[in-house]
Each structure stands twice: as structure tokens, then as C-alpha cells.
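Chains as they are written, first to last, in this note's numbering: chain E, 558 to 822; chain G, 38 to 246; chain X, 29 to 618.
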Amino acid sequence: MSGVVLAALLLILIVASLYLFVAKPYWFPVLASVHGGSIDSLFSTVLVVSGIVFIIVQGMLGFFVARYGQSGNERASYWHDNPKAEAILLISTAVILTILVFMGQRVWASIYFVDAPADALVIQVTGEQFSWNFHYPGPDGAFGRTDPKMITSANNIGLDRSDPPAKDDIVTVGEMHVLAGRPVKVRIRSKDVIHSFFLPNLRVKQDAVPGMAIEVWFTPNRPGAYEIACAELCGLAHYRMRGFLTIDDSQENFNKWLQQKAAEQ
Amino acid sequence: MPVISEEKRNRRIVPPPPVLPGGDGGDGGAGDFGGSFPISKGQLGLWILLTAIIMLFAGLSSAYIVLRGLPTWQNIALPSLLWPNTAVLVLSSLTIELSKGAVRKNQLQAMKAWLALSGVLGLIFIAGQLAAWRQLVHAGVYLPSTLQSSFFYVLTGLHGLHLLGGIAGLGFVLFKAMRNRLTVFNHEPLKLCATYWRYPGGRRRRCTN
Amino acid sequence: MHEPHTAEHAHPQLGFWRKYVFSTDHKIIGIQYMITAMAMAVVGGTLSMLMRYQLAWPSLLSPTMAKIMPDAFAGGVMKPEFYVSLVTMHGTIMVFFLFTAVLTGGFGNFLIPLQVGARDMAFPFLNALSYWVFLLSCIVIFSALFVEGGAPLGGWTAYAPLNAIPAAGPGQGTGMTLWITAIALFSVSGLMGGLNYITTILTLRTKGMSMMRLPLTQWSLLVTSILGLLAFPVLLAAGILLLFDRVGGTSFFVPAGIIMNQVPLMDHSGGHPLLWQHLFWFFGHPEVYIVILPAMGMASDILSTFCRKPIFSYRMMVYSMVAIAALSFIVWGHHMFVSGMNPFLGSVFTLTTLLIAVPSAIKTFNWIGTVWGARIRFTVPALFAIAFVSLFVSGGISGIFLGTSAADIQLQDTYFVVAHFHLVMAIAPLFAAFGGVYYWFPKIFGRSMNMTLGKIHFWVSFIGVYSVFFPMHILGIGGQMRRIYDPTQYDFLKPQQPLNEFITVAAFILGAAQLIFLFNFYWSIFLGKRMTERNPWHATTLEWTVPSPPGHGNFGDELPTVHRWPFDYSVPGEKEDFIPQTVPATVVAH
């Protein structure tokens, strides 16, 4: 009796997981970057492979507990080794996993081992408890000097406005604009503790580590308004270290925002 | 018989399994067991303790190696007392070996003398290390001054604790020796103490190069 | 049954305090570990209930809670710093003070001498000291909840510099210092225990108990102890450095130029935050296996007993455990794919991580192979052991996603990770531990637990854990970050809120089911059905050949001699369907 109930529960588990992962009542946030597509399809591939294994193993477990319950004086079979079957399972597991490693590493390499295009828009991102600062180089394409000593509540990143390249720099808090189709390179820093720069829709996540400047790049491709989150516990208000990302649909809109921000500096 | 028919039924589902013993079969009382383990439980316990201490220092040393590669690393001038201190420590490992050698030749008085000398040398080493710290402090190098000074104080401090543990053990062995509990046939505590003592010698140079 | 007097002879008359409190008997120490860890589990579990409450109804006003905990629920809503301190304390208590303690300290202490055929541990005094240091560490970590500023809020992983700088938040002062102290004490206690476990298993095995005749529980405890021996000192080293960063002004993990709340920290220079992560995870990943391996060993033995069938491929079970242990030291970087670590290392760690999946898969196949062709007796421990296999599979498979570095970019630090590690290293071991309690309870206390309550406990728990932790994968895919106080702050997470509510309701039911277990446990210690036989489950290992509970010295006048491996169930042609390890070979007609 218990065996049948347990088997039924395992069957429910299989059906429920099929519903959750195939019918997808909830799923990834809307995709808005080029490389995100390859991450999503890698996920799907792993999902199919591991899903099959999941169903087979849970299914076999369920079938056996339903089938091999104790009845009367029957004895269990006395066998406890099968080198051939074990070797086959070992090798096939290793082969499947090796294939997955190589598929995964192709995607990994395409994200991390390829330099950003020369025309990429460079933005310096600085995390702090509990907000994101964005630093644009302005029309001259060069970032002004920053100095921790100059940090005030009005000058979050300590930008030295007397430095010539800093004259046209744009600094915003919690607000980031990029242009659809134009690669973006972000240089991520932190002022205090470790944060993690997370763009859920763009499949971008990179820790912001104090003392390091870490660069990642991506190409946004779907105009719209999105959210920026912090994914690494950074203190009591970690949950509201939220920012706003706008992917502009045209150069005009992007420039308009830049000019508007420049006026506010 | 139901047993056999059941087995046949299973064999239709799976390939016939070879009947191999999974463990060491049912061959009576043969095979290795605890009593045949090559070293005593005391020695094994000590080696386990030493392994843990090795891992502790390995963790610290790997941190040292990682941070030494950073551009912010600054070298400090190490106190001159380190070299004589090291010599004292090497000497003490020598005397404890001599003590072990003496007990093997049943020279119990010599054993006690060498043992006591080792303890005294150990204490001199600790005093020397404290004096070395004083030297550093006089030079204006404190625990937080640079990464290297931080490592120096932490590593030498932990090494000093490690040695104090050794000296305590040594005192215990000496106590036993004074009551004539150590003999040519039964001097395992001394052997363990010598193992513990011998081992840290190579470790402590880490923070000085 | 008439108890042999021999056991009593070896037992000097000790007073209550020496016999049951300051005892050096491994059985008493095992019980002490078990009960202390259970008390810690009640604390850790209660914290998780508060967390689930907050996650489901983040802005619901609760005047009742405000009355119970006026500091934490100022104005009727939980404070964010309280929430993150719950996260930290729940993780810390469950990983260290429940699982590490109950599996090796509790079951390890009780079972090692009994199953290898020894009278006690190799160093009984050290063993007792290990427990008392453990108890002290429990008190220290518990006290962190009640100091000024509250418990630390940096998570159980204690990343620097958040946990290196007291100014980084409330709880990062005294609370965090207590945290480090407790973990250091725990490491020392674990070392004293591990030293005993390894020495006892290696040197005190009785005649005929060769290594390849050890029950899998013993193999798993041996491998686990070796892992702990190599991993915990590294955590201790990291903890020492972190403590110096906090109180000594050093800068091991704190880089120069940190500006906390617009105030520059002038006295720090030169350290590296990622160093902490490397040291922590060098310990942290083996720690996962320190928890899961004993669970695997116990589940294997229980499964075989109730399948009435030898474990499938004993040798592969042993080898895979050793392989998992060895590989566990070279996979730590998979916790750090997006940490800023060199991406080339990310590739290396992906490879090693999927490598470690192979022995884990082998173990799963072997459990399935054990059930195949069995004649299962569906007792409560059997149900928990079978459920362990299912949970381990569910939790293990999501590890493939996380181990694949590219897929991990999106999943890192989301509830997908939370779902994965809860299933594989918390719930699966929990089920093995429950199975172990129901299985060995008659041996430990000489009474049986109530099996009707046990079955209710099992069914509610089994449905409960899947309802709680399976949907968390979906939350993580949807992007919900770990350790956030209020998911509804984010528009992209709002649609998932019904899932959060569902999980919380399921978690409350799951939590309530554990009360049944607690009641059953304590009630049965004093009023459970007395055991009349030594071997109620018809098992083969040595502990079942002695009275329940075993007397001081375990085995009477003479230590048993072992003649066979521990899995002789349903040997064809035998009268009984089990042959204890002590039965000589001549009786067997192979």
C-alpha cells in the first residue's frame, strides 16, 4: 500500500515538473540581449537532457517501489554486482556530461573570451550601499578623473570636475540608458562591500568587488524599460538596491536623454 | 519453491547477475582489522592532529601567497632576532631526538636531561620570538602596518601557540619520566612528543621570505 | 529478554551526573549531540518560518508579531535588518549546528564503536570534550541573536568586506564577532570528534572486520571525517584572518579605498575580498559533502535492510564516496563564476564540477539497482530512505545547470540555487537523518517510536518538502534573488508572488509536521513501546547483536568476530532472509 502511494506521489512529481517546465506558467524574464539567447538555449538543452534523466530515474524508483513491495514469504533476488551494466552507466554518464561541458563552454567563451567591439558604449558602474551609480564619458568619450577624497553626498563617485575630460561626463544614480543594437561595455566597481550587478532581462550578472574594476559587455536588442537588481547580499537594504534600465529604440532618444542628463549635472 | 520462481522472473527483466562477493565475502575471520593497523592509535591520532595543523597553516600560507602577488604588497625589514631563534628551535629538535635515542639505550638519566633541555630551549625560542616582536614594535611596525607585518604577527603568533602546546606535552612527558614511567620498552609519549616537535621546523620560514 | 550480566560488570557504578551528563561513553555523547542539534534545528526552523512569512506577505501589518517581538517588528512590519539576520542565522545553524553536528556527532558517535565492534571511541575523554566545546559554540551562536545590533546579516558565507567591517550594518559588530567565535569553536570541536572517528574506524575494528566489510555508514563517516579534517582548518584559518581584520585593524580581505556611508576607511589597505571566497569555498564545498556523505551511507544501509537485498555494487559505493571526497576539493570555484574570478578558471571549475557528478550518478544508479528485485518492507525508516533517493536526484540534477558556468550567470544567487542546495544538502540529509532516528531509536533508547505518528510525519513531510522546494526552481528561473527581504519591490518579480505564498503555506504545514516528530521522539524516550528483541528489523550489522540499549562497553566480555560483509540479505537457500555479520562462513552454502 505504502509503495503504491509513494509511486503515485512520484508520478505526481513527474507530472507537476512537466507542467512547470514545459507549459511554463512562470519563466525567464523577457529576453533583451543578444548573448542571452545562447544562455537561454543552453539552459533548454540542459533541461531536456536532465529532464529525461529525472523522469527515468524517478519513474524507475516509483515503478520499483510499487512493484517490489513485500508479499508473503517471497524472497528478494540475491544479486549485488553487474560490472557490465555499471561500466555502461558510468561511461554514458561521463559522455553526456562531457558533451554538456563543451556546449556550455562554447557559450561561456563567446561571452567572456571575446573582446567588446571597438565602438562599444563604455559605462562605469559603481555600486554602494544601497544604490547603483552610472558614469558616462560624455561626447569626448573619455572619463574624467575620480578621487575618493572628493566624494560628497552630491558627488557619489568623487568625480573631479576640474579634470578636462570630466567636463562633459554624466553621472546618474539608479538610472541607465543604452541603445538597442549598440554593444555596451560596463566597468563595474564597488565603493564599500560586494554587490552584484544583475540585469535579469539581459542575462547579465557580475559581482561588483571593492578594489577591482571588472568589465563585461553585452548587446541590448529589445527596446523597453527594465529593472536593475543587486544579486549579492550587501547589507540590510540589499532588497531595494534597485535601478532602472532603458533600452532606447533610436539614437535620437538616447541622445536626448544624454543631453537632458548633461543639463542636470 | 517460490524463491526460485521469483528469481527466474527477475532474470527476465535484468541480465543474469554474476554472483560475486560484494565485500570480502564470507571467508571466516581472515582479513585485516583494527589490530593489524600499522601504527598505534596514539600515533594515528597525533598524525591526524598534525594534518589539521598543516591544513591550518596551508590555508594561511595560500592567503599569504595570493596577497603577496598584489601590487599593494610592501616588504618590511624583519627583526634580526629571527635567525638566532631559528637556531634555538633547530637545536631543540636535536635535543629531543637525543632524548629519544637515550631512552632506547636505556639511559634514563640522559633522557630526562635532554628532555628538560628541549623544554628550556623551547621556552627560550618563545621568549626570543616575543623579543623579535618587540624589535618590530620599536621599529614602528605593528600588526596592521602592512600585509606582511600582519602575516608575520599572525603566523608567528599561531606558531608560538603551537609550540606552547608542544611544551605542555613535553612537560607532561617529563613528569612521567621523573616518576620513572618511561622505559626502554614503553616510551610512546616521548615518541609522540618528538614527532610533534620535529614537524613544525620546516613551516615557519613562510612569512620571512 | 534476559540481559547478560557481563555488560554490567564492565560498568563501574557511576552517579547520575557522571553517567548521563559528564559521560565519556560514546553512546551518551551521541545522544547529547543528537538532542542539542535537534534543539538548534528548532531554532533554525523557527527562523525559516519567519522568513517565509515575510516573503509571502512582505507588507502585511501584524500587530501580534509586533507584540511578541517589538524590536524586530517595529510598527508591525518586520525590519529588513532582522530579515537578513534571519537568513544568516538560519543558514549557519542548519549547516553547522544541525547537519554537521547530528550526522557525524550524533549518529557517528553512537554508531562507530557499535558497528566496527569496539568498546568505545579511541579517545573517550577527547570525545566528551568535543561535545562540550560544541555545546559552547551553540551557546555562543545563539547569544548572537540577543546582542546589541542583533545577529549578523552577512549570510552564512560571511563574505568580506561586508563581514570584515563592523560599520557595514547592524549586527556586523558584536553579532559578527560572536559568529566567528562560534564557528572557530565548532571547528575545534569537529576536529576533536573527527580525530576520534578516523582513529576508531581504522584501529579499533574487531577481528574479521576488514575495511571491505564495513557497513556503508562507517565508510561514509570515515570519508566524511577525513574531509572535515582537511576542510575545517582552512575555515579556521580564514576565520582567524577575518577576526584580525575586524578587531586588529589588519587588511587581509579589505582593499584600500573603501568608502562606507560616504566615510573613507583610512586604516585599511591592500587586501583582497575574493581571497575570503576562495578560502571559504575551499572549506565550503567539502562541507556540502560532509553533510551529504553520512546521509548517503545511512540511507544505503537502511535501504538495503528494508529491501531485504544486498546493496547494489558495494565496491562502487565505496569508491564513488572516495572519489566524491577527493573531487570535492577542486570544485569550489563553481560558487564564484560571476565573482570576478578569472573566467578561464570558470572553465576549469565547470569541468571539475561535472566530473563530480559522475560518482554521484553512480550512487543513484546503485540505489535504484538495490530497489530493483527487492522485497521492500515499507517501514517508516524505509520510506525515509527511499524518499532520500528521490530528493537527492531532484536536488542533484539542478546542480548540472549551476555547474555549467554559462547557465549559472543567470541562475547564480537566485532561488534556483536555494532550491538546489536545500534539496540536495539539507532536505535529502534531513530525510536520511529522520530515517536513521526511526531506525536506530530502539537501539539507542530501548524503546520504539510510534510508527503511526511516524507515517503521518513521513507523508506530510514528503509532500511538504517537494511543495516548498520544487517551486523555488521556478522562482529562480524568474530571477528572484536570494536573501531579499521583499520580492515585490521589483516589478519583474511581482507576477511570481502567488508562488511565494504557496511555498509559505506549504512551509508552515511542513513545519507543523515536524512538531509531530518532536512529540513522538520525546514521548517515546520515556513512554514508547519497550523493545523485547535486540534485532527488531532483522538487520545484519553488529549493533543489532547487543542489548537495547547496549550496556557500558557495548559487547560484554568478548568482542564479536566478524565473518562476512553486512549485506547478506535473502541469501538463496538460507532459512532466514538475513545473516548477521557474526555468523561463521561454514553455515553458508554458496
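Glycine included, each C-beta is placed from N, C-alpha and C at the ideal position.
Short Cβ contact (8 Å threshold) for Asn137(X) with Ile57(X)
Cβ atoms of Asn137(X) and Ile57(X): closer than 8 Å.
Distance, Leu736(E) Cα to Leu802(E) Cα
Computed Cα separation, rounded: 11 Å.
Confirm, please, whether the CB-CB distance from Lys471(X) to Glu571(X) is below 8 Å.
Yes, Cβ-Cβ distance for Glu571(X) and Lys471(X) is below 8 Å.
For the stretch 280–294 of chain X against the stretch 188–201 of chain X, do three or more pairs of beta-carbon atoms, one drawn from each stretch, fall closer than 8 Å, so that the two count as touching?
Contact holds between the stretch 280–294 of chain X and the stretch 188–201 of chain X, because three or more Cβ pairs, one in each stretch, are under 8 Å apart.
If you count every other CB in all the chains shown that lies within 10 Å of the CB of Phe611(E), and 16 or more means buried, which is it?
So Phe611(E) counts as buried.
Examine the ligand GDP and report whether any of its heavy atoms sits within less than 7 Å of the Cβ of Leu587(X).
Ligands are entirely absent from the displayed structure, and the ligand GDP is therefore not among its contents.
Residues in the stretch 731–761 of chain E having any Cβ partner in chain X nearer than 8 Å
Of all residues in the stretch 731–761 of chain E, only Lys748, Asp749, Val750, Ile751, Ser753, Phe755, Pro757, Asn758, Arg760, Val761 come within less than 8 Å of chain X when Cβ atoms are compared, listed by chain position.
Could you tell me whether the stretch 164–177 of chain X touches the stretch 599–613 of chain X, using the rule of 3 or more Cβ pairs below 8 Å?
At 8 Å Cβ cutoff, the stretches do not touch.
Pull up the DSSP beta-bridge partners for Ile287(X), would you.
Answer by DSSP bridge pairing, in chain order: Pro292(X).
Sub-8 Å separation of Ala196(X) and Gly792(E) beta-carbons
For Ala196(X) and Gly792(E), yes; Cβs fall inside 8 Å.
C-alpha gap between His302(G) and Ile428(X), whole angstroms
What the structure shows of chain G is the stretch from 38 to 246, and residue 302(G) is not part of that stretch, so it cannot be assessed.
Below 9 Å between beta carbons is the criterion; list the residues of the stretch 188–199 of chain G that meet it against any residue of chain X, in chain order.
Cβ contacts with chain X come from Phe188, Tyr190, Val191, Leu195.
So is Phe74(G) in contact with chain X if we call contact Cβ pairs under 8 Å?
Taking 8 Å as the threshold, the shortest C-beta distance from Phe74(G) to chain X falls below it.
For a cutoff of 8 Å on Cβ pairs, would you count Ala385(X) as touching chain E?
Judged by the 8 Å Cβ criterion, Ala385(X) is in contact with chain E.
Using a cut-off of 7 Å between C-beta atoms, extract the partners of Thr109(G) located in chain X.
Result: Ala284, Ser297, Gly298.
Backbone secondary structure at Asp726(E) - three-state DSSP:
Looking at Asp726(E) - three-state DSSP - the assignment turns out to be coil, as it is neither helix nor strand.
Helix, strand or coil: how does DSSP classify Thr703(E) here?
Strand at Thr703(E).
Check whether Ser747(E) and Pro767(E) have beta carbons under 8 Å apart:
For Ser747(E) and Pro767(E), yes; Cβs fall inside 8 Å.
Can you give me, in chain order, the residues of the stretch 705–726 of chain E that have a beta carbon less than 9 Å from any beta carbon in chain X?
Within the stretch 705–726 of chain E, the residues whose Cβ lies closer than 9 Å to some Cβ of chain X are Pro705, Lys706, Ile708, Thr709, Ser710, Asn713, Gly715, listed in chain order.
Who are the neighbours of Arg511(X) on chain E, taking C-beta pairs under 7 Å?
The answer, in chain order, is Leu790, His795.
Could you tell me which chain X residues have their CB closer than 7 Å to the CB of Met92(G), listed as they occur along the chain?
Within 7 Å Cβ-Cβ: Leu258, Pro261, Val262.
For Glu176(X), does the count of other Cβ atoms within 10 angstroms reach 16, so buried, or fall short, so exposed?
Taking a 10 Å sphere around the C-beta of Glu176(X), we find fewer than 16 other C-beta atoms and assign the residue as exposed.
Residue nearest to Pro575(X) in terms of C-alpha spacing, selected from Arg562(X), Leu75(X), Val376(X):
Looking at the Cα atoms, Arg562(X) is the closest of the given residues.
What does the alpha-carbon distance come out to for the pair Ala788(E) and Leu232(X)?
Answer to the nearest angstrom: the Cα atoms are 50 Å apart.
Suppose you measure from the CA of His692(E) to the CA of Leu118(G); what does that come to, to the nearest Å?
Put simply, the backbone Cα of His692(E) is about 52 Å away from that of Leu118(G).
Answer with yes or no whether the minimum CB distance from Phe70(G) to chain X is below 8 Å.
At least one CB of chain X lies nearer than 8 Å to the CB of Phe70(G).
Within 8 Å of any Cβ in chain G, is that where the Cβ of Gly236(X) sits?
True, the Cβ-Cβ gap to chain G drops below 8 Å.
In chain X, what lies closer than 7 Å to Pro767(E) by C-beta?
Here the neighbours are Pro189, Pro283, Ile286, Pro301.
Identify every residue that forms a DSSP beta bridge with His752(E).
DSSP, once it has assigned bridges, lists Ala765(E) as partnering His752(E).
Counting only the same chain and skipping the five closest in sequence on each side, list residues whose C-beta sits under 6 Å from that of Leu250(X).
So the qualifying residues of the chain are Ile229.
Excluding the five sequence neighbours on either side, which residues of its own chain have a C-beta within less than 7 Å of the C-beta of Ile90(G), listed in chain order?
Counting only Cβ-Cβ distances below 7 Å, and skipping sequence neighbours, we find His199.
Closer than 8 Å, Cβ to any Cβ of chain X: which residues of the stretch 624–641 of chain E, in chain order?
So the list reads Tyr625, Gly626, Gln627, Ser628, Glu631, Arg632, Ala633, Ser634, Tyr635, Trp636, His637, Asp638, Asn639, given in the order they occur along the chain.
Buried or exposed: Asp638(E), going by 16 or more other Cβ atoms within 10 Å of its Cβ?
Counting Cβ neighbours within 10 Å, Asp638(E) comes out buried, since at least 16 surround it.
Under the three-state DSSP convention, the category Thr803(E) falls into:
Residue state, collapsed to three classes: strand.
For Gly63(G), is the classification buried or exposed, using 16 other Cβ atoms within 10 angstroms of its Cβ as the cut-off for buried?
Its pLDDT being 45, under 50, Gly63(G) is placed unreliably by the model, and the measurement read from it follows with that caveat. Gly63(G) should be labelled buried.
Counterpart residues of Asn690(E) in DSSP-defined beta bridges:
Paired residues: Thr683(E), Val730(E).
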